[in-house]
Amino acid sequence: MKHLLSIDDLSVDQIQEIFATASDMHDVQRRSVKKLPALRGVTVVNMFFEDSTRTRSSFEIAGKWLSADVINISAKGSSTSKGESLRDTVMTVCAMGVDGLVIRHQASGAAQQVAGWVDASVVNAGDGMHEHPTQALLDAYTLQRRLGSLEGRHVAVIGDLTHSRVFRSNVQCLTKLGAEVTVVAPPTLMPSGVGPWSESAGFATSYDVDEVLPTADAVMMLRVQRERMSGGYFPTAREYTVGYGLTRDRLAALHPDVPICHPGPMNRGLEIAADAADAAQSAILDQVSAGLAVRMAVLYHLLAGEESSA
Amino acid sequence: MSLLIKGAALFGTETADLLVVDGRIAAVGADAASQAPSGTETLDADGLVALPGLVDLHTHLRQPGREDAETVLTGSQAAAVGGYTAVLAMANTTPVTDTAEAALRVWELGREAGLVDVQPVGAVTKGLAGEELAELGLMARSAAQVRVFSDDGKCVHDARVMRRALEYAKAFGGVVSQHSQDPVLAGPSACCHEGEVSGRLGLPGWPGIAEEVIVARDVMLAKHTGSRIHVAHVSSAGSIEVIRWAKAQGIDVTCEVTPHHLILTTDLLTGYDPVFKVNPPLRPTEDVMALREALADGTIDAVATDHAPHARHDKEHAFVDAAFGMLGLETALGVVRTAMDDEFDWNDIARVMSRTPARIAGLEEHGGQLAPGEAAHVTLVDPTATVTVDRAASVSLSRNNPWHGHELTSRVVHTVFGGKVTVRDGALA
Ligand SMILES: [Zn+2]
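Residue numbers (this note's numbering), protein chains in the order written: chain A, 1 to 310; chain B, 1 to 429.
Below you can see the structure in the form of structure tokens.
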């Protein structure tokens with residue numbers, strides 16, 4: 001495995017291998033001294049063209065606990081600024097000798113394009129509306145720990161699907177691991193061509209949260225960006241919450257063993273009620289610590305030992 | 001000055017010699033050679049098909065403003081290599097071709113290059129802003145004799161402005177060539193076809209309907225004003241339906257299709273390679289098939305390249321940020337032949353790539369029948385050759401060639417522009 005650009009790049013065995021390593025890394029997090037020597041002498045650059053404190057810190061800590069030299073570059077705005085192309089920007093950084101490049105970009109496909117240009121291993125830390133593979137891995141890892149296995153389990157993914165890279169990675173990851181997935185959104189926030197896509201990829205679609213929730217073994221809420229309201233995707237926040245939010249009423253109807261996930265940052269009161277976010281069954285803080293473990297595992301598999309030189 | 005083109009199959013049928021004297025065809029047939037003045041140069045065309053020089057309704061030459069991507073000279077060279085003898089140079093340069101002076105500059109640069117007729121397209125609106133009409137009449141009455149007006153790259157979106165342009169151009173036989181893309185419906189960051197592929201890739205798409213609503217509106221405006229409308233680079237099956245209906249109503253509408261829309265599909269975007277980023281976008285197979293059918297049955301009048309050269313660094317961005325457009329002049333004939341292999345004979349090729357585009361653009365010296373008295377614009381093609389496209393071999397200044405590595409049917413061997421050999425054995429003469 002040279003890069004992690006998309007969940008599509010991973011076999012089920014590779015995913016489970018990452019989970020096994022993540023589980024070990026999870027144990028490391030509980031130690032007083034958290035450093036492992038695995039990536040000593042390895043340079044990892046976090047290149048973020050788009051702000052994301054939480055993902056960047058997660059990758060930064062993951063790299064440091066593996067003893068890598070981690071450098072953060074905020075490249076915001078430089079790709080589209082006149083003169084310098086994305087290729088120029090990335091090649092300049094890589095010319096300094098980089099082993100791993102963790103890239104976050106506001107444009108779909110950017111990580112894949114970059115991987116075609118550089119020698120370093122590229123990790124996609126979120127590309128536009130396309131994919132966020134480490135998020136999907138940490139979500140599936142979290143759910144697998146909660147539910148034992150994802151085989152045959154029904155996961156409801158609810159929210160703005162059109163603009164969500166979390167959805168795009170998750171639907172692949174969850175179905176790959178044997179889960180049944182239903183995605184729920186108003187028709188205006190369903191991705192174009194979702195009909196034939198869902199058929200070939202094997203997931204279900206719905207406009208009706210209350211029809212889906214009773215059979216859900218896990219609920220994954222997606223963030224709704226408030227600027228979508230001016231895009232005319234739905235009339236008001238109030239109407240969105242009534243139609244698609246995980247409200248107090250919907251929480252009350254949910255079985256108390258059903259984990260609730262959210263990739264954050266949350267709009268409390270819009271897509272998720274405070275009660276639901278803080279409920280005993282909420283897996284949201286588990287997701288954060290799992291994120292660290294999974295990112296350590298991913299960096300380890302890409303950059304340590306024989307796999308990185310292969 | 002005289003030239004004897006020996007042994008070409010005219011429109012792919014009867015073989016004849018063509019004698020050219022002082023830039024015009026002087027004689028055609030077995031006895032043409034006997035009339036050749038002494039010192040006549042000979043061009044061997046044995047086994048080649050002779051067509052009237054190709055005419056491109058839609059070329060971006062980038063001069064003035066982006067001479068690093070293409071100039072009138074290098075674009076003319078690419079055109080000649082592709083078998084063209086006339087190109088219409090789109091107005092979206094920097095500055096925009098929206099005055100008589102600007103049009104004349106492009107026209108004169110074309111004459112200096114001397115490889116094809118470079119006919120400027122005038123902007124419909126000042127600065128392509130879509131608000132006030134550019135000086136259409138002054139451009140038409142200048143020595144450049146502008147007849148085609150287009151804000152290409154942008155749609156004339158305001159229905160009232162479009163109506164006025166259509167009406168106004170009637171005074172001098174002008175035609176508006178519309179880039180049909182409703183900017184609101186398509187959205188500001190639209191960069192590919194909206195459909196299953198864009199949904200999976202997370203790219204903001206623009207659907208065929210954003211083209212179709214403008215085509216539908218414009219044919220109704222053309223009907224209302226009694227004017228002539230030309231639909232540039234039609235790309236969707238729905239637009240074809242509208243145009244077919246409009247033609248049946250007697251509305252004066254013509255349209256063009258690009259070579260790339262006859263073969264390439266939206267599936268090519270899965271690698272996010274900006275070489276396939278073009279506007280209108282590559283559409284699904286159903287649209288491609290509808291376009292081929294419409295070209296075969298005459299609903300689509302012409303093939304136009306939308307040759308859009310870009311400097312390397314303008315394409316080496318993330319897909320949504322990269323420039324729109326692909327090269328087309330050098331490969332057009334091969335692509336059309338490859339796409340239309342079963343449907344088209346050489347007369348059909350001449351119709352859609354020379355005769356009809358010349359008529360639409362009002363270029364009377366082009367698109368002839370290869371008959372005595374006509375201007376000697378001739379393209380000579382090896383019909384049996386196959387060519388594997390190598391982007392490095394291009395004479396364009398740019399390399400954004402989507403056909404790199406493709407095998408195309410037929411090869412332009414010689415091009416004759418006004419009796420002068422501009423391309424010989426596939427290379428600039
Ligand atoms: Zn256009």
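Built from N, CA and C at the ideal position, the CB exists for glycine as well. Owing to the predicted nature of the structure, the values given are computational and were not obtained by experimental measurement.
Within chain B, the residues that residue i reaches when beta carbons sit closer than 7 Å
{"i": "alanine 107/A", "result": "Ala318, Phe319, Val320, Asp321"}
{"i": "alanine 204/A", "result": "Result: empty, since nearest Cβ-Cβ is about 16 Å, beyond 7 Å."}
{"i": "alanine 110/A", "result": "Ala318"}
Chain-ordered chain B contacts of residue i [CB-CB under 9 Å]
{"i": "glutamine 113/A", "result": "Gly271, Tyr272, Asp273, Pro274, Glu316, His317, Ala318, Phe319"}
Residue(s) in a DSSP beta bridge with residue i
{"i": "methionine 326/B", "result": "His307/B"}
{"i": "aspartate 382/B", "result": "Arg411/B"}
{"i": "tryptophan 206/B", "result": "His193/B"}
{"i": "phenylalanine 417/B", "result": "Lys420/B"}
{"i": "valine 55/B", "result": "Ala86/B"}
{"i": "asparagine 46/A", "result": "Asn72/A, Val102/A"}
{"i": "serine 2/B", "result": "Val21/B"}
{"i": "histidine 154/A", "result": "Glu180/A"}
{"i": "leucine 311/A", "result": "Here chain A has residues from 1 to 310 only, and residue 311/A is not among them."}
{"i": "alanine 50/B", "result": "Leu10/B, Leu380/B"}
Residue i beta carbon near ligand 1 (any heavy atom closer than 6 Å)
{"i": "histidine 261/B", "result": "no"}
{"i": "histidine 310/B", "result": "no"}
{"i": "histidine 157/B", "result": "no"}
{"i": "aspartate 151/B", "result": "no"}
{"i": "histidine 377/B", "result": "no"}
{"i": "histidine 179/B", "result": "yes"}
Rounded separation between residue i and residue j - CA only
{"i": "leucine 167/B", "j": "alanine 222/B", "result": "Correcting the residue type first, residue 167/B is glutamate in the shown sequence and not leucine. Cα-Cα distance, rounded: 9 Å."}
{"i": "alanine 429/B", "j": "lysine 176/A", "result": "60 Å"}
{"i": "lysine 420/B", "j": "valine 81/B", "result": "14 Å"}
{"i": "alanine 113/B", "j": "histidine 230/B", "result": "28 Å"}
{"i": "leucine 176/B", "j": "alanine 140/B", "result": "Reading off the sequence, residue 176/B comes out as valine, not leucine. Answer to the nearest angstrom: the Cα atoms are 13 Å apart."}
{"i": "aspartate 88/A", "j": "asparagine 46/A", "result": "17 Å"}
{"i": "serine 6/A", "j": "glycine 137/B", "result": "55 Å"}
{"i": "glycine 63/A", "j": "valine 28/A", "result": "13 Å"}
{"i": "alanine 310/A", "j": "aspartate 56/B", "result": "For alanine 310/A, the predicted structure reports a pLDDT of 34, less than 50, and the residue's modelled location is therefore unreliable. A value from the coordinates is still provided. For alanine 310/A and aspartate 56/B, the distance between alpha carbons rounds to 51 Å."}
{"i": "cysteine 155/B", "j": "valine 278/B", "result": "15 Å"}
{"i": "valine 146/B", "j": "histidine 60/B", "result": "16 Å"}
{"i": "valine 242/B", "j": "valine 213/B", "result": "9 Å"}
{"i": "leucine 150/A", "j": "phenylalanine 319/B", "result": "35 Å"}
{"i": "tyrosine 300/A", "j": "leucine 66/A", "result": "8 Å"}
{"i": "methionine 25/A", "j": "alanine 293/A", "result": "5 Å"}
{"i": "arginine 168/A", "j": "leucine 10/A", "result": "14 Å"}
{"i": "histidine 157/B", "j": "alanine 210/B", "result": "11 Å"}
{"i": "asparagine 124/A", "j": "valine 387/B", "result": "39 Å"}
{"i": "glutamate 17/A", "j": "proline 37/A", "result": "20 Å"}
{"i": "leucine 4/B", "j": "threonine 409/B", "result": "27 Å"}
{"i": "glutamate 307/A", "j": "aspartate 99/A", "result": "Only weak support is given to the placement of glutamate 307/A: the predicted model assigns it a pLDDT of 44, under 50, and the question is left unresolved by the model."}
{"i": "proline 120/B", "j": "isoleucine 15/A", "result": "58 Å"}
{"i": "alanine 111/A", "j": "histidine 317/B", "result": "11 Å"}
{"i": "serine 52/A", "j": "isoleucine 158/A", "result": "22 Å"}
{"i": "proline 259/B", "j": "valine 335/B", "result": "6 Å"}
Amino acids of chain A, ordered along the chain, whose beta-carbon sits closer than 9 Å to that of residue i
{"i": "histidine 313/B", "result": "Gly83, Glu84, Ser85, Arg87, Asp88"}
Cβ-heavy atom distance, residue i to ligand 3, below 6 Å
{"i": "threonine 125/B", "result": "Questions concerning ligand 3 fall outside what the structure shown contains, since the ligands it does hold are ligand 1."}
Beta-carbon neighbours of residue i, restricted to chain B and to distances below 8 Å
{"i": "arginine 165/A", "result": "Gly202"}
Query raised in the report: What are the residues of the stretch 79 to 90 of chain B that lie near chain A, defined by any Cβ-Cβ distance shorter than 8 Å?
Result: none
Query raised in the report: Relative to chain B, which residues along the stretch 115 to 136 of chain A have a C-beta separation below 9 Å, given in chain order?
Result: Gly116, Trp117, Asp127, Gly128, Met129, His130, Glu131
Requested in this report: With 9 Å as the limit, tell me which residues of the stretch 196 to 217 of chain B have their beta carbon closer than that to any beta carbon of chain A; keep them in chain order.
Outcome: Glu196, Val197, Ser198, Gly199, Arg200, Leu201, Gly202, Leu203, Pro204, Gly205, Pro207
Query raised in the report: Any residues in the stretch 167 to 198 of chain A with a beta carbon nearer than 9 Å to a beta carbon of chain B? Which ones, in chain order?
Result: Arg168, Met190, Pro191, Ser192, Gly193, Val194, Gly195, Pro196, Trp197
Requested in this report: Determine which residues of the stretch 183 to 195 of chain B have a Cβ less than 8 Å from any Cβ of chain A, and write them out in chain order.
Outcome: Glu194, Gly195
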